[in-house]
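Notes follow once the structure below has been shown.
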Amino acid sequence: MKFRSPKIMQLALAGSLGLAAVSAPALAHHSFAMFDRNTITELKDVTVLEVRWGNPHVFFIVQSGKQRYALEGSSPSALRSMGWKFNSIKAGDKLDVTFFPLRNGKPGGALSVATFEDGSQLRDS
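Per mature numbering (1 follows the signal peptide of the UniProt record, and there is no 0), the sequence shown runs over residues -28 to -1, 1 to 97.
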(Lines of atoms letter the chains of each structure in order from A and count residues from 1; the text may use other names and numbers.)
(Lines give C-alpha, C1' and ligand atoms only; values in the text may rest on other atoms or scores of the structure.)
Protein backbone atom coordinates (compact mmCIF):
# COMPACT_ATOMS: atom_id res chain seq x y z
CA MET A 1 0.00 0.00 0.00
CA LYS A 2 1.41 3.37 -0.99
CA PHE A 3 0.66 6.38 1.20
CA ARG A 4 0.74 9.84 -0.36
CA SER A 5 0.96 11.67 2.92
CA PRO A 6 3.25 11.06 5.92
CA LYS A 7 0.31 12.05 8.16
CA ILE A 8 -1.86 9.23 6.75
CA MET A 9 1.00 6.78 7.24
CA GLN A 10 1.38 7.91 10.87
CA LEU A 11 -2.35 7.50 11.50
CA ALA A 12 -2.37 4.03 9.94
CA LEU A 13 0.61 2.97 12.05
CA ALA A 14 -0.93 4.39 15.23
CA GLY A 15 -4.20 2.60 14.49
CA SER A 16 -2.42 -0.71 13.91
CA LEU A 17 -0.43 -0.40 17.12
CA GLY A 18 -3.58 0.53 19.04
CA LEU A 19 -5.41 -2.50 17.70
CA ALA A 20 -2.51 -4.77 18.64
CA ALA A 21 -2.39 -3.33 22.16
CA VAL A 22 -6.13 -3.86 22.67
CA SER A 23 -6.20 -7.42 21.31
CA ALA A 24 -3.21 -8.74 23.31
CA PRO A 25 -5.05 -8.77 26.69
CA ALA A 26 -8.04 -10.50 25.08
CA LEU A 27 -5.82 -13.31 23.81
CA ALA A 28 -4.07 -13.60 27.15
CA HIS A 29 -7.42 -13.98 28.91
CA HIS A 30 -8.18 -17.13 26.97
CA SER A 31 -5.08 -18.91 28.22
CA PHE A 32 -5.73 -22.17 30.04
CA ALA A 33 -2.32 -22.05 31.77
CA MET A 34 -4.06 -21.86 35.16
CA PHE A 35 -5.23 -25.47 34.76
CA ASP A 36 -3.06 -28.55 35.25
CA ARG A 37 -3.57 -30.33 31.91
CA ASN A 38 -1.47 -33.28 33.13
CA THR A 39 -3.91 -34.15 35.92
CA ILE A 40 -7.53 -35.17 35.64
CA THR A 41 -9.85 -35.03 38.64
CA GLU A 42 -13.14 -36.90 38.87
CA LEU A 43 -16.02 -36.09 41.16
CA LYS A 44 -18.98 -38.44 41.47
CA ASP A 45 -22.56 -37.45 42.18
CA VAL A 46 -22.14 -33.67 42.27
CA THR A 47 -25.12 -31.36 42.35
CA VAL A 48 -25.23 -28.48 39.89
CA LEU A 49 -25.93 -25.29 41.81
CA GLU A 50 -25.64 -22.74 39.02
CA VAL A 51 -24.89 -22.47 35.31
CA ARG A 52 -23.57 -19.19 33.92
CA TRP A 53 -24.04 -19.49 30.15
CA GLY A 54 -22.29 -16.47 28.68
CA ASN A 55 -19.16 -15.14 27.05
CA PRO A 56 -16.27 -15.53 27.22
CA HIS A 57 -16.76 -18.92 28.95
CA VAL A 58 -19.56 -20.96 30.45
CA PHE A 59 -19.21 -21.64 34.19
CA PHE A 60 -20.70 -24.43 36.24
CA ILE A 61 -20.89 -24.16 40.02
CA VAL A 62 -21.22 -27.65 41.48
CA GLN A 63 -21.20 -29.08 44.97
CA SER A 64 -19.59 -32.31 46.12
CA GLY A 65 -20.27 -32.97 49.81
CA LYS A 66 -19.67 -29.62 51.54
CA GLN A 67 -17.21 -28.36 48.90
CA ARG A 68 -18.22 -26.11 45.99
CA TYR A 69 -16.28 -26.14 42.72
CA ALA A 70 -16.25 -23.59 39.91
CA LEU A 71 -15.74 -25.40 36.62
CA GLU A 72 -14.95 -23.40 33.51
CA GLY A 73 -16.20 -24.56 30.16
CA SER A 74 -15.52 -23.40 26.65
CA SER A 75 -17.33 -20.50 25.04
CA PRO A 76 -21.05 -20.86 24.34
CA SER A 77 -20.40 -21.04 20.58
CA ALA A 78 -17.76 -23.77 21.03
CA LEU A 79 -20.08 -25.79 23.28
CA ARG A 80 -22.96 -25.41 20.81
CA SER A 81 -20.72 -26.75 18.05
CA MET A 82 -20.17 -29.84 20.22
CA GLY A 83 -23.91 -30.40 20.64
CA TRP A 84 -24.54 -28.53 23.88
CA LYS A 85 -27.56 -26.28 24.46
CA PHE A 86 -27.87 -23.53 27.05
CA ASN A 87 -30.07 -25.86 29.12
CA SER A 88 -28.12 -29.10 28.63
CA ILE A 89 -27.03 -28.84 32.27
CA LYS A 90 -29.35 -27.15 34.74
CA ALA A 91 -29.31 -26.27 38.42
CA GLY A 92 -30.38 -29.34 40.39
CA ASP A 93 -28.90 -31.88 37.95
CA LYS A 94 -26.84 -34.71 39.44
CA LEU A 95 -23.66 -35.46 37.49
CA ASP A 96 -20.27 -37.07 37.57
CA VAL A 97 -17.64 -34.63 36.28
CA THR A 98 -14.05 -34.90 35.18
CA PHE A 99 -11.93 -31.77 34.95
CA PHE A 100 -8.41 -30.41 34.83
CA PRO A 101 -7.82 -28.89 38.29
CA LEU A 102 -6.56 -25.41 39.04
CA ARG A 103 -2.80 -25.27 39.54
CA ASN A 104 -3.22 -23.15 42.68
CA GLY A 105 -5.10 -25.95 44.47
CA LYS A 106 -8.37 -24.05 44.82
CA PRO A 107 -11.59 -26.03 44.20
CA GLY A 108 -12.20 -25.64 40.51
CA GLY A 109 -10.90 -26.37 37.07
CA ALA A 110 -11.59 -26.75 33.38
CA LEU A 111 -14.50 -29.08 32.68
CA SER A 112 -13.68 -32.07 30.51
CA VAL A 113 -16.68 -34.43 30.69
CA ALA A 114 -20.09 -34.29 32.37
CA THR A 115 -21.78 -37.67 32.81
CA PHE A 116 -25.50 -37.81 33.59
CA GLU A 117 -27.21 -40.41 35.77
CA ASP A 118 -28.41 -42.28 32.65
CA GLY A 119 -24.79 -42.59 31.45
CA SER A 120 -25.04 -40.02 28.65
CA GLN A 121 -22.15 -37.61 28.40
CA LEU A 122 -21.35 -34.12 27.28
CA ARG A 123 -17.72 -33.42 26.43
CA ASP A 124 -15.95 -30.11 26.47
CA SER A 125 -12.96 -30.80 24.28
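The C-beta atom is built at its ideal place from N, Cα and C for all residues, glycine as well.
**Asked** Identify the residues that DSSP records as bridge partners of Asp17: which are they?
**Response** Its beta-bridge partners do not exist; DSSP assigns none.
**Request:** Tell me whether Pro79 sits in a helix, a strand or coil according to DSSP, three-state version.
**Result:** coil
**First through last residue of the beta strand (DSSP E) which encompasses Pro73** = 66 to 73
**Coil, strand or helix - Ala50 by DSSP** = helix
**Inter-residue Cα distance where the pair is Val30 and Asn10** = 22 Å
**Prompt:** In or out: Asp96 buried (at least 16 other Cβ within 10 Å) or exposed?
**Reply:** buried
**Request:** Pull up the DSSP beta-bridge partners for Ser36, would you.
**Result:** Gln39
**Message:** Please classify Ala86 as buried or exposed, where buried requires at least 16 other C-beta atoms within 10 Å of its C-beta.
**Reply:** buried
**Prompt:** Under the DSSP definition of a beta bridge, which residues are partnered with Arg24?
**Reply:** Phe31
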